[in-house]
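S.K.: The structure follows.
Residue numbers (this note's numbering), protein chains in the order written: chain A, 1477 to 1980; chain B, 1477 to 1980.
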């Protein structure tokens, strides 16, 4: 969920001031309403070190009645806590009905900092995740609102902040050796956090990722996340009481400050034809060998292709497969579901094409249609596509658990490039079949798609089945990136499998 | 869930015939309605070997239109299956809308037979359970009805049946060496099945345990489980379409043939005073030593007491604690919740009394109030108490995962014995405080309580936190059984902990 997010977002001071003023006033009212409605609220601040958790908690509580909330800091477990189940201290701190409990770090320590530090063993991890999920579900079922915020900054930004803090005597104490260690091993720590977010982003207690490079932007997004969620919960409860007269969404609405991915993609990347030919040739040769290696080691491979119309999926797939043994791979094109497919679960037809161990299944368009075209065209309900992120993650996790390599490519081009390609297709008799009225119609919905794609990339890029956004304006660059990514992923997997076999 | 169930239940032939005839006619109609309503249905037959899965499937399908269902048998995974994720073959067999798929063994193989045979490694187990839960949740969310039946017979009954089958040439081939092995190691296999049922008994796809000693009884219960579930699902869907005019329960109703536990308890068990004194004295001495051992090894212990009014909880607790170091245990009496407790989750007050590692927490009445008095008196909604079984199991699992011994005693007496004790209390000035009008009122609801207790014992007796039903008509016998059970459980745990420490 994290690495793809565009951390460069910021906000003008004037916009910030105006927005905050409005939301702060609203928050005061909402707090009183929650008190009257006897709704217990838990707000969790998690995130990377030096992302500004303390500052942000302070800004948030400025607008609240201090008699109505408590702030808890979760440090390393005390002796009292170590001698009890890890959720004990959080159960005892659950807020009474109508009160707000704010946590600077929370029960997530267990699967994050404490995991990084080796205090939580890997064998305890799965049951810790299960315990966390039950805990949050039990509280939610009982009416508690759980708002989970993850404050995110980059490695460089974190380093800069630690440096600044360390430079002054007054603040140097705030940077500990473990903080420095986590910056040094930022990638490992990020991976741990990614896994935590993947496993605990639920319908009833979803995460909100806060881009925290710009502190004002972060404050604004936090305020917006909290107020919009409380508004939603109050509306839902009043609907439950008074009957379905008002129309309240059945699922928690996503925040109006969305995480961007596509905005951060550099589409100017290019390759010359000479380099393209050389690199592609080299990579294809490696892939040919890897392909037979896969077969011997019985590793299944699932590769999905999505992207803008005319984004270059077909061309990339051809370059990928051109030297692979055709008995060892299959390309599955995905069109609208047929009659048989329509009377089954939407994932059923993809399950039918799950590759055998040792084989490669390539999908030209995929199960992600659910959260793109089906979402935008209304072919399924809002509840259905919102549920789909988890369903898809679970399906991919099941494949990965059975030993599969799972990769998903988003072939990205900009609107101008698409227009150029559409026109080229119309003018070229050999390519005319590729362009239909529907393509032009979809193009009109570019912004809706962009929003859906951003959400999809954030919510379904996982450690076990990552999304790769391919800079596609230059076809040479794009094709080489696709083939290289596959080659490297296979090499990594083959190495792991060999190592595991040796250890046996 | 299993070991406490009374397997001696049976049915008269006449009752059976009449009931089946009626239900078979109903099933035919329901099948057609499900087809019209486009509901996909999956019926799973799991259970102990020789429990009669084949026969029962046959009886069930007699009443159905053969064009509308398919029967699948799940044997050991074929090569095609082994080379794919284990849910693949079940995904591909999910029924189309309006069709019924019946499974003779199912995806549960993976966490049951295949686990017993060592084909599923213990490290793969937790993720297999997660995959199963997601699979069933995804299908249910999409409208599939999943009916899960577990056919249960005792070790002796199984042995008898294998013997009978082996005796004749025509049927001997049906008993395999693995069948014999599972009978030999019945207890280990039972434990594996217990764990499977515990982990996968969900609100959306609950298990029904079928007592399968009497084949007619089993057939009747299966038929009843299937028809009542389909009726419920049809009603729910028509309510969703036409608005909440009719009143359909929010949760799947439990079957009218309930599993009995208390009916199988032998209340005539007795001890003489001499033996009582001798045994109790011996056990208490052992307990004294164990208690300080617990402290050194930092093992937390949670012991809950429930039972009929005047069942002897107080007396048993006194005998249990009389020689324990008071600094190392605490008795927590549970009364109606106070004002502070009322504005928190119902489990909150018990979480506050979770023992520190090395300490013993005894609860005189417990969190089980939720599924007994609160259920019967309507202090919580039906949804709330139905949800509570899972919540309680999760809380106890969390404690057990953190290293705790968790035991729960049900002090059982019959109605006559209760009356005798009530009267004795009224006549004895020193005991009069113990008896109130409420006790007499509760007594009038004996049958309702018995039903609730039976359900509670089946659904919350787990491998990690078992219920012990104590034959309580004779106080001597009861007290010795309580203290002995605690002593033996602690000895077992201490042995395990010592072994684990040595291995480190």
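We put the CB at the ideal spot given by N, CA and C, even for glycine.
So residue 1828 of chain A contacts chain B; which residues on that side make the cut at Cβ distance below 7 Å?
M.R.: For the purposes of this step, residue 1828 of chain A is taken as residue 352 along the first chain, with counting starting at 1. Going along chain B in sequence order, the residues near residue 1828 of chain A (Cβ under 7 Å) are 1568.
S.K.: Kindly say whether residue 1908 of chain B, judged by its beta-carbon, lies nearer than 9 Å to any beta-carbon of chain A.
M.R.: The residue labelled residue 1908 of chain B in the question sits at position 432 within the second chain. False, the Cβ-Cβ gap to chain A never drops below 9 Å.
S.K.: Is it buried or exposed, residue 1669 of chain A, if we count other Cβ atoms within 10 angstroms and call 16 or more buried?
M.R.: On the first chain, position 193 is the one that residue 1669 of chain A refers to. Flag for residue 1669 of chain A reads buried.
S.K.: Count the other CB atoms within 10 Å of the CB of residue 1889 of chain B; is the residue buried (16 or more) or exposed (fewer)?
M.R.: For this step, residue 1889 of chain B is matched to residue 413 along the second chain. The residue is buried, with at least 16 neighbouring Cβ atoms inside 10 Å.
S.K.: So, is residue 1923 of chain B buried or exposed, given that buried needs 16 or more other C-beta atoms within 10 angstroms?
M.R.: Stepping through the second chain from its first residue, residue 1923 of chain B is reached at position 447. By the neighbour-count rule (16 or more Cβ atoms within 10 Å), residue 1923 of chain B is not buried but exposed.
S.K.: Roughly how many whole angstroms lie between the Cα atoms of residue 1591 of chain B and residue 1671 of chain B?
M.R.: As a working note, residue 1591 of chain B is residue 115 in the second chain. As a working note, residue 1671 of chain B is residue 195 in the second chain. Each residue's alpha carbon lies about 11 Å from the other.
S.K.: Check the Cβ of residue 1819 of chain B against every Cβ in chain A and list those closer than 7 Å, keeping chain order.
M.R.: Position 343 of the second chain, counted from the start, is the residue given in the question as residue 1819 of chain B. Per Cβ cutoff of 7 Å: 1572 and 1573.
S.K.: Could you tell me whether the Cβ atoms of residue 1680 of chain B and residue 1632 of chain B are closer together than 9 Å?
M.R.: Residue mapping note: residue 1680 of chain B aligns to position 204 of the second chain, counting from 1. Residue mapping note: residue 1632 of chain B aligns to position 156 of the second chain, counting from 1. Not in contact: residue 1680 of chain B and residue 1632 of chain B (Cβ atoms no closer than 9 Å).
S.K.: Less than 6 Å between C-beta atoms, sequence neighbours within five positions excluded: which residues of the same chain meet that for residue 1547 of chain A?
M.R.: Along the first chain, one-based indexing puts residue 1547 of chain A at 71. The residues are 1578.
S.K.: Going by alpha carbons, who is nearest to residue 1785 of chain A out of A/1648, A/1917 and A/1695?
M.R.: In the first chain, the residue the question calls residue 1785 of chain A occupies position 309. With distances taken between Cα atoms, residue 1785 of chain A lies closest to A/1917.
S.K.: List the residues of chain B that residue 1833 of chain A touches, going by C-beta distances under 9 Å, in chain order.
M.R.: As a position in the first chain, residue 1833 of chain A is number 357, starting the count at 1. Going along chain B in sequence order, the residues near residue 1833 of chain A (Cβ under 9 Å) are 1558, 1559 and 1560.
S.K.: Do we get a CB-CB distance below 9 Å when we pair residue 1644 of chain A with the residues of chain B?
M.R.: Position 168 of the first chain, counting from 1, holds the residue named residue 1644 of chain A. No, residue 1644 of chain A does not count as interfacial toward chain B.
S.K.: Does residue 1524 of chain B come out as helix, strand or coil in the three-state DSSP assignment?
M.R.: Counted from its first residue, the second chain places residue 1524 of chain B at position 48. Coil at residue 1524 of chain B, not helix or strand.
S.K.: Do you know how far the Cα of residue 1852 of chain B is from the Cα of residue 1863 of chain B?
M.R.: Looking up residue 1863 of chain B in the second chain gives position 387. Looking up residue 1852 of chain B in the second chain gives position 376. Cα-Cα distance, rounded: 15 Å.
S.K.: Can you name, in chain order, every residue of its own chain whose Cβ lies under 6 Å from the Cβ of residue 1763 of chain A, other than the five neighbours on each side?
M.R.: One-based indexing of the first chain puts residue 1763 of chain A at position 287. Once the five neighbours on either side are set aside, the close Cβ partners of residue 1763 of chain A are 1963.
S.K.: Taking 8 Å as the threshold, find out whether the region 1569 to 1584 of chain B comes into contact with the region 1503 to 1515 of chain B through three or more Cβ pairs.
M.R.: The region 1569 to 1584 of chain B vs the region 1503 to 1515 of chain B: in contact.
S.K.: What are the start and end residues of the alpha helix (DSSP H) that includes residue 1790 of chain A?
M.R.: Within the first chain, the letter at position 314 stands for residue 1790 of chain A. Here the alpha helix (DSSP H) through residue 1790 of chain A covers 1789 to 1797.
S.K.: Kindly list, in the order they appear in chain A, the residues whose Cβ is closer than 9 Å to that of residue 1583 of chain B.
M.R.: As a first step, residue 1583 of chain B is located in the second chain; it is residue number 107 there, counting from the start. Those within 9 Å of residue 1583 of chain B in chain A number zero; the least Cβ separation is about 11 Å.
S.K.: Could you check the C-alpha separation between residue 1626 of chain B and residue 1686 of chain B for me, to the nearest Å?
M.R.: Here the question's residue 1626 of chain B lines up with position 150 in the second chain. Here the question's residue 1686 of chain B lines up with position 210 in the second chain. Going by the C-alpha atoms only, they are around 6 Å apart.
S.K.: Under 7 Å between beta-carbons, which chain B residues line up against residue 1994 of chain A? List them in chain order, please.
M.R.: The structure shown does not extend to residue 1994 of chain A, since chain A spans only 1477 to 1980, so no value can be given for it.
S.K.: If you measure between the beta carbons of residue 1518 of chain A and residue 1620 of chain A, is that distance less than 9 Å?
M.R.: Mapped onto the first chain, residue 1518 of chain A falls at position 42. Mapped onto the first chain, residue 1620 of chain A falls at position 144. Yes, they are a contact pair.
S.K.: Within the region 1746 to 1774 of chain A, note down every full alpha helix (DSSP H) run reaching 4 residues or more, in order along the chain.
M.R.: If we require 4 residues or more, the alpha helix (DSSP H) runs fully inside the region 1746 to 1774 of chain A come out as 1749 to 1773.
S.K.: Give the single residue among A/1699, A/1598 and A/1528 whose Cα lies nearest to the Cα of residue 1495 of chain A.
M.R.: If you number the first chain from 1, residue 1495 of chain A lands on position 19. The shortest C-alpha separation from residue 1495 of chain A is found at A/1699.
S.K.: Output the boundary residues of the alpha helix (DSSP H) element that contains residue 1628 of chain A.
M.R.: Translated into positions along the first chain, residue 1628 of chain A becomes position 152. Element bounds for residue 1628 of chain A: not the alpha helix (DSSP H) but the beta strand (DSSP E), 1621 to 1628.
S.K.: Looking at the C-beta of residue 1514 of chain B, does it have a partner C-beta in chain A at a distance below 9 Å?
M.R.: Here residue 1514 of chain B corresponds to residue number 38 of the second chain, with the count starting at 1. Output row for residue 1514 of chain B: interface = yes.
S.K.: Using a Cβ cut-off of 9 Å (strictly closer), state whether residue 1875 of chain B contacts chain A.
M.R.: Mapped onto the second chain, residue 1875 of chain B falls at position 399. Residue 1875 of chain B counts as touching chain A.
S.K.: What residues match up with residue 1808 of chain A in a beta bridge as DSSP calls it?
M.R.: As a position in the first chain, residue 1808 of chain A is number 332, starting the count at 1. In DSSP, residue 1808 of chain A forms a bridge with A/1839.
S.K.: Would a C-beta distance cut-off of 9 Å place residue 1559 of chain B and residue 1587 of chain B closer than the cut-off?
M.R.: As a first step, residue 1559 of chain B must be located in the second chain, where it is residue number 83. As a first step, residue 1587 of chain B must be located in the second chain, where it is residue number 111. No, they are not a contact pair.
S.K.: With DSSP as the reference, label residue 1649 of chain A as helix, strand or coil.
M.R.: Walking along the first chain from the start, residue 1649 of chain A turns up at place 173. It is coil, neither helix nor strand.
S.K.: Start and end of the beta strand (DSSP E) containing residue 1548 of chain B?
M.R.: By 1-based counting over the second chain, the position of residue 1548 of chain B is 72. 1545 to 1549 is the span of the beta strand (DSSP E), which, as asked, contains residue 1548 of chain B.
S.K.: Going by C-alpha distance, which of A/1725, A/1594, A/1528 and A/1542 is nearest residue 1581 of chain A?
M.R.: Indexing the first chain from 1 puts residue 1581 of chain A at position 105. Comparing Cα-Cα distances from residue 1581 of chain A to each of A/1725, A/1594, A/1528 and A/1542, the minimum goes to A/1528.
S.K.: Inspect the beta-carbon positions of residue 1943 of chain B and residue 1480 of chain B and report whether they are closer than 9 Å.
M.R.: Reading the second chain from its first residue, position 467 is the one you call residue 1943 of chain B. Reading the second chain from its first residue, position 4 is the one you call residue 1480 of chain B. Yes, these two residues count as a Cβ contact at 9 Å.
S.K.: Can you pull the chain A residues whose beta carbon is under 7 Å from the beta carbon of residue 1602 of chain B, in chain order?
M.R.: Working through the second chain from its first residue, we reach residue 1602 of chain B at position 126. Result: 1602.
S.K.: Taking residue 1563 of chain B as the query, report the chain A residues whose CB atoms sit under 7 Å from its CB, ordered along the chain.
M.R.: Mapped onto the second chain, residue 1563 of chain B falls at position 87. Simply 1874.
S.K.: Only counting runs of 4 or more residues, tell me where the alpha helix (DSSP H) segments fall wholly within the region 1847 to 1881 of chain B, in order along the chain.
M.R.: The qualifying runs are 1849 to 1853 and 1858 to 1877.
S.K.: If we define contact as Cβ-Cβ less than 9 Å, is residue 1527 of chain A a contact residue for chain B?
M.R.: Residue mapping note: residue 1527 of chain A aligns to position 51 of the first chain, counting from 1. Not an interface residue.
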